[in-house]
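Novice: Residues in the sequence shown are numbered consecutively from 1, following full-length UniProt numbering. For every residue, glycine included, the Cβ atom is placed at its ideal position computed from N, Cα and C. Owing to the predicted nature of the structure, the values given are computational and were not obtained by experimental measurement.
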Amino acid sequence: MILMQLNQLTKRFGAELILSNIKLEVQMNDRIAIVGRNGAGKSTLLKMMAGEMSHDEGNIFKPKETTIGYLAQNTGLQSEETIWNEMEKVFTHLKDFEKDLRSMEVQMADPDLLDDQKRYQQLLADYDRKQEYFKTAGGYQYEADIRGVLNGLNFKNFNWDTPINSLSGGQKTRLALGKLLLTSPDVLILDEPTNHLDIDTLSWLEGYLQGYQGAVVIVSHDRYFLDKIVNTVYEIAFQSSKRYHGNYSDYLKKKEADYEQELKRFEKQQEEIKRMEDFIQKNIVRATTSKRAQSRRKQLDKMDKLEKPKDDNQSAKFSFQTAKRSGNDVLKLRNYAFRYDDSDDYLFDNVFLDLNRGDSVALVGPNGVGKTTLLKTLIGDLEQSKGEKLIGTNVQIGYYDQEQTKLNSTKTVLHELWDEYPMKNEKDIRTILGNFLFSGEDVLKPVSALSGGEKARLSLAKLMMQEANFLILDEPTNHLDLDSKEVLEAALVDYPGTLLFVSHDRYFINKIATQVVEMNPEETRLFLGDYDYYVDKKQEEYELQQIEEAERLQNEPKKQEVQQKNSFEEDKAAKREERKKNRRITEIEEEIEQLEARLEENEELLCDPEIYQDHERSLEITEDNNQLQTRLEALMEEWETLHHS
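1) In its own chain, which residues sit with a C-beta less than 7 Å from the C-beta of F438, not counting the 5 before and 5 after it?
2) Quick one: which unbroken alpha helix (DSSP H) runs of 4-plus residues sit fully inside the stretch 472 to 548? Chain order, please.
3) Where does F338 land, buried or exposed, given buried means 16+ other C-beta within 10 angstroms?
4) Report the option in L167, S249, E277, D304 whose CA atom is closest to the CA atom of residue 654.
5) For E262, which three-state DSSP category applies?
6) List the whole-angstrom C-beta distance separating D222 from S249, where the pair is believed to meet the contact cut-off of C-beta under 8 Å.
7) Measure the alpha-carbon distance for E16 versus V216 and round it to whole angstroms.
8) Cβ atoms of V361 and Q554: under 8 Å apart, would you say?
9) Whole-angstrom Cβ separation of E235 and V26, contact assumed at under 8 Å?
10) Locate the beta strand (DSSP E) running through S240, then write down its first and last residues.
11) Spatial neighbours of D354 within its chain, please: C-beta separation below 6 Å, excluding the five flanking residues on both sides.
12) How big is the Cα-Cα spacing for T410 and E426?
13) The beta strand (DSSP E) that contains A337, what's its start and end?
14) How is the alpha helix (DSSP H) around E633 delimited, first residue to last?
15) Nearest CA to the CA of L77: which residue from R174, F61, G152?
16) What whole-angstrom Cβ distance do L46 and I189 have, given they're in contact under 8 Å?
17) Per the DSSP calculation, A215 is bridged to which residue(s)?
18) Suppose only complete runs of 4+ residues qualify. What are the alpha helix (DSSP H) ranges in the stretch 278 to 331, listed by chain order?
19) Starting from R147 and walking both ways along the beta strand (DSSP E), at which residues does that stretch end?
20) Have a look at N335 and G214 and give me their C-alpha separation to the nearest angstrom.
21) Work out the CA separation of S103 and T372 for me, nearest whole Å.
22) Given this structure, state the Cα-to-Cα distance separating K42 from K254, to the nearest angstrom.
23) Go through the stretch 33 to 87 residue by residue and report every complete run of the alpha helix (DSSP H) that reaches 4 residues or more, in order.
24) Straight-line CA distance for V149 to N157?
25) Rounded to whole angstroms, what's the CA-CA distance from L306 to I280? Just pull it up for me.
26) Cutting at 7 Å between CB atoms, please list the residues of its own chain near residue 646, excluding the five before and the five after it.
27) Over what stretch of residues does the alpha helix (DSSP H) that includes R125 continue unbroken?
28) Taking Cβ to Cβ, would you say E475 is nearer than 8 Å to H504?
29) Less than 7 Å between C-beta atoms, sequence neighbours within five positions excluded: which residues of the same chain meet that for D345?
30) Smallest Cα separation from A491: which of E640, V219, A316?
31) Label F238 either buried or exposed according to how many other C-beta atoms from any shown protein chain fall within 10 Å of its C-beta, with 16 as the threshold for buried.
32) Taking contact to mean 3 or more Cβ pairs, one atom from each stretch, closer than 8 Å, check whether the stretch 54 to 62 and the stretch 195 to 204 are in contact.
33) Per DSSP, D354 is paired with what?
34) Determine the extent of the beta strand (DSSP E) in which E235 is found, giving its start and end residues.
35) Can you list, in chain order, the residues of its chain with a C-beta nearer than 8 Å to that of D532? Leave out the 5 residues immediately preceding and following it.
36) In the DSSP assignment, what residue or residues form a beta bridge with Y399?
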């Protein structure tokens, strides 16, 4: 079933053509990635698909009943509500429906309605129909769905009564994603949904989207994520779109194969054209061959000329070199910890780390565990609270800041580099900037006017020029397009120094890391391999725990036999006591019945004139009644005690 179809879609911003003749189709259960360079128009295309932006030409076909859900890049949820109440708003219709059902239940319990069987049966039929819809629509499970999404998006340990307006920007972004997932639209359109997600949350989101009932359209720079999720890739390049079947890795292979094939066809035709032109030139003036030459010219004029295939392959070109070689021991951390001055608790504690020359170590762990803070203590921006830090001989540190706070926003791109290296001439600085895709007038832009990707490239240019032998990188792939990530990977793979980096890009970690250090608040753990190795070891540990738990449960019956034996004896004794108590209760009830009968008889006697006129007889009966009443009260008290024991 087709949920959306784009035909010949065109978009301009003023005179600038952004997208042209875009063709795209979304079918039920499609998992589509939109890829292309930064500035290619990917986000613009998503906005048009979501109805957030108009298009200039072409049309978008969408059945009326098809629902669309759209999450823009870095969209934060703005609300005065608590986390739970805001998520629950998605299911307002079900809550209203539930109120209707409760109201109908009250009506059905009305005794007056039972007398009108026709109305009662009609109400019963309406109730059954509405209850079935309520069940099918998820009325009995929406609270579990909310809990599942909040837990998956790393709000497990949060108080869900927390007001949303008190949260950080990243937390608001995750909640915006969570609320959209709960709405379950037919077409889910996500622009960079992996921003602000740690690795555990990314893994959860992958599983959620793999099982999603509708279609998903994604723009993402996370290649590992795309490989896990998508089955179709649309590349946006040179204002147009091209479709590839498969995941992101399949797309790269097919794109390269297509380019090679198109280039061969073009070159073959060019050779044919050259031969024909040579023949025409040599033979057009000869009387004997003139007709053949004219015939070839007509063929040449009618030929469908192939355009040389375009290669959208303008990439940054750089490598990291070291000015000098460090000693073998680069960094040692012992019992390393940090806490803020206004906090009693350590952000992280018991960090042990050994880096030798040539190591490439990825630092992973949940958001908020202090990975960036740890890096800042290594470069001296922050001071550790306790523990030992040893920097090796001849170690020169180069630091990449994910927020690019080391850039001066008032300078131009050119002077951001030139002021650091004033002895170099302008031509050399411009050449270096050109390698990072800053050409011509681009180098005169103020740093404040740069995009996130441009600032990232400028920071990498500065880092390259330091020629440090120990690179500390905090989320170096953030803001980079897919092609720039691959260039950075190639440069770091060939880097002769030592690497310590924080990244949520699992594809990048796999390419670069030779070791993974998992950071938790109380400790660090070392895994000697790449990210896939780390995941396998964690899974292996989990499976071992499951086996140990199963063995524990198997051994449990032996312990339970003894416990059951003791419990059996205790049960027997308890049942004996219970039977004894019940027998006593029965005895008391029988005696109470007899006493009450005797009291009733005595009361009747005292009403007899012959008895109450006989003073001695009357006094005797009254004393008997007092004794009976005393005994009755004692038995009633014992009966009460036994019943509540």
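Specialist: On the basis of the supplied data:
1) V413
2) 482 to 493, 506 to 512
3) buried
4) Look at the range of the chain in this structure, 1 to 645, and you will see that residue 654 is not part of it.
5) helix
6) Rounded, the Cβ-Cβ distance is 13 Å, inconsistent with contact.
7) 29 Å
8) no
9) Not confirmed; about 16 Å, so no contact.
10) 240 to 245
11) K332
12) 19 Å
13) 329 to 338
14) 615 to 643
15) R174
16) 5 Å
17) V187
18) 290 to 302
19) Here R147 belongs to no beta strand (DSSP E); instead the alpha helix (DSSP H) covers 142 to 152.
20) 49 Å
21) 55 Å
22) 20 Å
23) 42 to 49
24) 13 Å
25) 20 Å
26) No statement about residue 646 is possible, as the shown extent of the chain runs from 1 to 645 and does not include it.
27) Per the sequence shown, residue 125 should be read as Ala rather than Arg. Looking at the DSSP string, the run of the alpha helix (DSSP H) that includes A125 is 117 to 136.
28) yes
29) R339
30) A316
31) exposed
32) no
33) K332
34) 232 to 237
35) N510
36) I472
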